[in-house]
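Structure first, commentary second.
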Amino acid sequence: MISVFKFLFRLLGYGLLAVAIVAGISDASSSIAQSQVYMAPLGHVWSGLSPHTLELVGNSASPGLWDVAQRTVLVWPVWAVLAPLGMLLLWLGAKRRRQLAQFA
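Okay, so the sequence shown: first residue is 10 according to this note's numbering, each after it adds one.
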């Protein structure tokens with residue numbers, strides 16, 4: 010059962026890393042096109058893709074927690090949020106390496 014969760018963590022981790030890389034490339038190309046640094050904040054991208062879920066999460070979270078999240082995490086670039094989260098999930102889902110007995 011644990012191996013199923015580890016597989017799901019690895020799958021989700023690779024997916025989040027892929028989205029983070031695409032977001033980073035998109036930010037880089039937008040920065041080049043505009044001749045200034047542009048990094049799309051997570052809140053802006055989330056509200057553009059699915060405003061209903063952003064509102065749903067805001068209504069279901071506690072007001073204090075949502076206020077902190079809205080002022081910090083949602084203004085960070087997408088790649089800066091998803092890449093560490095993806096790496097954390099990959100670390101949690103990593104396969105254990107067996108230690109081979111070494112005889113003298």
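Just so you know, even glycine gets a beta-carbon here, dropped at the ideal spot from N, CA and C. Treat the numbers as computed from the prediction; the structure is a model and nothing was measured.
> When you compare only the Cα positions, how much space is there between LEU21 and MET96?
Replying inline: Here residue 21 refers to the residue found at position 12 when the sequence shown is read from its first residue. Here residue 96 refers to the residue found at position 87 when the sequence shown is read from its first residue. Taking the straight line from one Cα to the other gives about 10 Å.
> Where does ALA29 land, buried or exposed, given buried means 16+ other C-beta within 10 angstroms?
Replying inline: Looking up residue 29 in the sequence shown gives position 20. Buried, because 16 or more other Cβ atoms sit within 10 Å of the Cβ of ALA29.
> With LEU101 and PHE16 assumed to form a contact (beta carbons below 8 Å), what rounded beta-carbon distance in angstroms separates them?
Replying inline: Taking the first residue of the sequence shown as position 1, residue 101 is located at position 92. Taking the first residue of the sequence shown as position 1, residue 16 is located at position 7. That pair is no contact at about 11 Å.
> Got a sec? Which residues, its chain only, sit under 8 Å from TYR23 by beta carbon, not counting five neighbours each side?
Replying inline: Here residue 23 is taken as the residue at index 14 of the sequence shown, counted from 1. Hits under 8 Å: GLY95, LEU99.
> Between TRP88 and VAL13, what straight-line distance do the alpha-carbon atoms span, to the nearest angstrom?
Replying inline: Numbered from its first residue, the sequence shown carries residue 88 at position 79. Numbered from its first residue, the sequence shown carries residue 13 at position 4. Cα to Cα, the separation comes out at about 27 Å.
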